[in-house]
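Each remark here refers to the structure printed beneath this line.
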Amino acid sequence: MSAPIRVRFAPSPTGYLHIGGARTALYNWLLARQQGGTFVLRMEDTDEERNTDAARQTIFRGLDWLGLTPDEGPEQGGPHGPYSQSERMPVYLEWAERLKESGALYPCFATREELAELRARQEAEKAPVFGYDGRYRDLDPAEARRRIAAGEEHTWRLRVPRGETVVLKDLIRGDVAVSSDDIEDIILLRANGTPVYNLAVVIDDHDMAITHVIRGEDHLTNTFKQLIIYRALGWDEPTFAHLPLILGPSGEGKLSKRKHPEAALELYQQKGYPVEAVVNWLAMIGWSLDDKTEIMSREELVRSFGLDRVSAAGARLPMDKLDWLSGEYIRAMSLEEVEAGFRPFLVEAGRLSADPNDAERLRLRRIAAAEKDRVRRFGEIVERTDWVFAAELDFEPKALANLGKAEAASVLEGYLGEVLPKTDVEDPAAMEADARSWAEGRGLGFGKFVHPVRAALTGRTAGPGLFDCVAILGREESARRLAAGLERARGASAGGA
RNA sequence: GGCCCCGUCGUCUAGUCAGGUCCAGGACACCAGGUUUUCAUCCUGGUAACAGGGGUUCAAAUCCCCUCGGGGUCACCA
37 MSAPIRVRFA
47 PSPTGYLHIG
57 GARTALYNWL
67 LARQQGGTFV
77 LRMEDTDEER
87 NTDAARQTIF
97 RGLDWLGLTP
107 DEGPEQGGPH
117 GPYSQSERMP
127 VYLEWAERLK
137 ESGALYPCFA
147 TREELAELRA
157 RQEAEKAPVF
167 GYDGRYRDLD
177 PAEARRRIAA
187 GEEHTWRLRV
197 PRGETVVLKD
207 LIRGDVAVSS
217 DDIEDIILLR
227 ANGTPVYNLA
237 VVIDDHDMAI
247 THVIRGEDHL
257 TNTFKQLIIY
267 RALGWDEPTF
277 AHLPLILGPS
287 GEGKLSKRKH
297 PEAALELYQQ
307 KGYPVEAVVN
317 WLAMIGWSLD
327 DKTEIMSREE
337 LVRSFGLDRV
347 SAAGARLPMD
357 KLDWLSGEYI
367 RAMSLEEVEA
377 GFRPFLVEAG
387 RLSADPNDAE
397 RLRLRRIAAA
407 EKDRVRRFGE
417 IVERTDWVFA
427 AELDFEPKAL
437 ANLGKAEAAS
447 VLEGYLGEVL
457 PKTDVEDPAA
467 MEADARSWAE
477 GRGLGFGKFV
487 HPVRAALTGR
497 TAGPGLFDCV
507 AILGREESAR
517 RLAAGLERAR
527 GASAGGA
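In short: position in the first sequence from 1, add 36, done, that's this note's numbering.
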């Protein structure tokens, strides 16, 4: 119907990529891809004190990981740059100047101390309204000029109209109306002459031709201020959509990094959740396709996503659901993909060379085959393979008990001596057939066979299929462990009998 | 405290705009059973919610009002 949409994600680089921010970025990106629009990344880095280059990088790399690479942004450039607010100061100042000329702004000589005092008194008196009381709003212009000329410190405030109703047409919340009397005369230029966030945002969204501002609900009250700035500047406002907030997993408050480690996107990468699972999960927090669809690929999301089905209510982070989804994604992967997922974790744990040799590759393949159905995130593979790489097995009590059973010694001895040497350790199914026929020949139940062998090989009672374990260890190491287990079993029966 | 947003199973949600097909559906989690050499997967079944109170209506999870609860925001931060 009209020009393609232009959306943006505008984080401030203060340390990490917030999971809620990641979702905001995803929703924006989804819409841009779906409608052939443009996804812009803009750094809101006007606060020099708090911003670091490391934090910028964290945001860039986080978006890369999620596959939400901007069409325009600090790294990729574009026709509406620069895309970092720190580089756009002249632009803001220019518009601020026009606002001064038009009389929309007035100088305010209230000092920080004065304002703090005012606020303290308002709180003490339980005043109905907090905030600036407009004490310099009607200062005589000549007097103002005189004080400025005298070098008196001052900020510039926006003369917010009185007695008007400001209506925000929000795609998710519908029409939200607020009285302009509830909005104080906001500072647009600080005493040091720098512009304030709300001014910068309006100018940027306008200059960058943003058509839809999709952001967290925490910006809802800012929007009314911004609406007034749009009016003062004589610009048309974009369409707004305020997303419900993501709350901490156990309820109270929005996610903060201090209280909730899961607020940081990096955590998910570190724990080894497949990206596509994270994307799927994020999309479903606050949005749903219908009453049953849970698993959706990125392509399906691009096709079906829509703001009209975004919920207005805040949501807790459903961590259990991520674990489940992640497991589903891993199970749907090819063996090669699972290997690739495990690889960095095993390398980091020192269990795999960065450039693995053939034997290592083979072992990785076998581990992947054995654990693919069991693991819910790739990072689990480290502790799950402790038994494989342990120089000395750390036996669980139950496993030890299994080695102490009456038939344990003869089973181990038989498997070690008669079966293992000629069974095909490359082929778990074949090994199982061999073992079964051997056990049957002895009139042994398969369970009686399996338990002591598993105990000797892994020191545990639970884990991958027994013959996957043999395959992972290889013939030689399996034999060594079986022999060691046999010794224990004999010791146990000798001591016990 | 002012202003604003929100309120369906423990959790994520469908249903609310266009009232009946909803003694409320799905998923995760949980519990029970089955398959399996263990675990996991897989299969079957189960527990579990319309925040409360008033209206309107033949009929309300759906519309209106009040209460309660949760959240956001009130910086010369962004």
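Even for Gly, the Cβ is constructed at its ideal location relative to N, Cα and C.
Residues sharing a beta bridge with residue i, DSSP
| i | result |
| --- | --- |
| L225 | W192 and P231 |
| K205 | D211 |
| E108 | V76 |
| T259 | Note: T259 sits in no beta bridge, so no partner. |
| V346 | W323 |
| H248 | V43 and T275 |
| Y142 | R193 |
| A351 | I282 |
| H54 | A300 |
| S120 | M79 |
| K290 | L283 |
| G479 | In DSSP, G479 forms no bridge with anything. |
| G113 | G109 |
Assigned exposure category for residue i - 16 Cβ within 10 Å defines buried
| i | result |
| --- | --- |
| E375 | buried |
| Q262 | buried |
| A475 | buried |
| V486 | buried |
| D344 | exposed |
| V506 | buried |
| L371 | exposed |
| V203 | exposed |
| F425 | exposed |
| D356 | exposed |
| I184 | exposed |
Pairwise C-alpha distance: residue j and residue i
| i | j | result |
| --- | --- | --- |
| D129 | T230 | Per the sequence presented here, residue 129 reads as Leu, with Asp not at that position. Rounded to whole angstroms, L129 to T230 spans 8 angstroms at the Cα level. |
| S292 | P49 | 15 angstroms |
| A478 | K458 | The amino acid occupying residue 478 in the given sequence is Arg; Ala does not appear at that position. Whole-angstrom Cα-Cα distance: 18 angstroms. |
| L429 | A61 | 47 angstroms |
| G210 | S286 | 29 angstroms |
| D221 | V196 | 5 angstroms |
| N234 | E273 | 14 angstroms |
| E335 | G510 | 42 angstroms |
| E161 | P354 | 42 angstroms |
| L522 | A405 | 28 angstroms |
| E449 | R517 | 12 angstroms |
| P118 | G109 | 8 angstroms |
| F75 | H255 | 20 angstroms |
| I95 | L301 | 9 angstroms |
| A492 | E432 | 11 angstroms |
| G139 | H190 | 16 angstroms |
| D31 | L318 | The question about residue 31 has no answer, for the chain in this structure spans 37 to 533. |
| L154 | T147 | 11 angstroms |
| A533 | A437 | Note that A533 scores a pLDDT of 39, beneath 50, so its modelled location is shaky; the value from the coordinates is reported in the next line. Between A533 and A437, the C-alpha separation is close to 15 angstroms. |
| A515 | E462 | 15 angstroms |
| I403 | H54 | 34 angstroms |
| V127 | M244 | 12 angstroms |
| F145 | D176 | 13 angstroms |
| G51 | R294 | 12 angstroms |
| P40 | P106 | 16 angstroms |
| D174 | R157 | 22 angstroms |
Chain-order list of residues whose beta-carbon lies under 8 angstroms from that of residue i (same chain, five-residue window excluded)
| i | result |
| --- | --- |
| V338 | L66, R69 and Q70 |
| S122 | M79, D81, T82, E84 and N87 |
| I265 | L194, L224, N234, L235 and V238 |
| E312 | S333, R334 and Y365 |
| V315 | L62, L102, G103, R334 and L337 |
| E219 | Residue 219 is actually Ile in this sequence, not Glu. Answer for I219: V196, V202, F260, K261 and I264, listed in chain order. |
| A91 | P49, T50, G51 and Y52 |
Nearest-angstrom Cβ-Cβ length linking residue i and residue j, presumed shorter than 8 angstroms
| i | j | result |
| --- | --- | --- |
| D359 | R412 | 5 angstroms |
| R379 | L400 | 7 angstroms |
| P500 | R410 | 7 angstroms |
| A180 | P143 | 5 angstroms |
| K434 | T497 | 5 angstroms |
| N64 | I250 | 5 angstroms |
| V43 | H248 | 5 angstroms |
Cβ shell of residue i (< 7 angstroms), same chain only, five flanking positions each side left out
| i | result |
| --- | --- |
| R198 | S216 and D217 |
| L502 | V486, V489 and R490 |
| P280 | E253, G322, S347, A348, A349, G350 and A351 |
| A268 | L135, A140 and L194 |
| Y304 | V314 |
Same chain, Cβ closer than 6 angstroms to residue i, five either side skipped, listed in chain order
| i | result |
| --- | --- |
| R524 | L439 |
| A385 | V418 |
| V383 | A390 |
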